Amino acid sequence: MFNANPEEAANFYVSIFKKSKILRANAMQADFILNGQRFFSYNGGPEFQFNWGVSFMISVETQEEVDYYWNALLAGGGKESMCGWVQDKYGLWWQITPKILLQLVSHKDRAKAERATQAMLKMQKIDIAALKAAAG
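In structure tokens, the structure reads:
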């Protein structure tokens, strides 16, 4: 549920993600596809607020993809957070997660995993080169 116009939000998201389209949308509800995943949303009114309990992870390969999604989701009033999290202008939370991040923080070499984790905890937008350098 959005606390504003779900059609506007759907148009925003479709402009960011490939393989996306709006199936049906108006001021009260929207049915749309992002990267092949179907979403349905309602206008919940001003009392509805998203929270950290619901977020969507965007799995990426490159720093260019990290930068693209980070900047696109911040556009128009989003907020940066820590560890690759960003809140878009509609209040929805996203985790922009390079695949290498998950590999490094779960590495079988626990010291390497800990170094990667500590580096990630200090980052807002994930910096793949800095993460690899910290992990060693």
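With positions in the sequence shown counted from 1, the corresponding number in the working numbering is that position plus 1. We put the beta carbon where it would ideally sit given N, CA and C, even for glycine. Just so it is clear, the structure is predicted and the values come from calculations on it, not from any experiment.
Please name the residue or residues paired with residue i in a DSSP beta bridge.
{"i": "tryptophan 95", "result": "Phe57 and Val87"}
{"i": "lysine 22", "result": "Ile34"}
{"i": "arginine 39", "result": "Ile34"}
According to DSSP, is residue i part of a helix, a strand, or is it coil?
{"i": "alanine 5", "result": "coil"}
{"i": "asparagine 44", "result": "strand"}
{"i": "lysine 123", "result": "coil"}
{"i": "lysine 100", "result": "helix"}
{"i": "lysine 80", "result": "strand"}
{"i": "lysine 113", "result": "helix"}
What first and last residue would you give for the alpha helix (DSSP H) that runs through residue i?
{"i": "aspartate 128", "result": "Aspartate 128 -> no alpha helix (DSSP H), and no H or E assigned at all."}
{"i": "asparagine 72", "result": "64-75"}
With C-beta atoms as the reference, is residue i less than 8 angstroms away from residue j?
{"i": "glutamate 62", "j": "lysine 126", "result": "no"}
{"i": "phenylalanine 18", "j": "asparagine 36", "result": "yes"}
{"i": "alanine 114", "j": "leucine 105", "result": "yes"}
{"i": "tyrosine 43", "j": "glutamine 30", "result": "yes"}
{"i": "tryptophan 94", "j": "valine 55", "result": "yes"}
{"i": "glycine 46", "j": "asparagine 12", "result": "no"}
Closer than 8 angstroms is the cut-off here; do at least three beta carbon pairs connect the segment 66-77 with the segment 41-52? No: the two stretches stay apart, fewer than three of their Cβ pairs being nearer than 8 angstroms.
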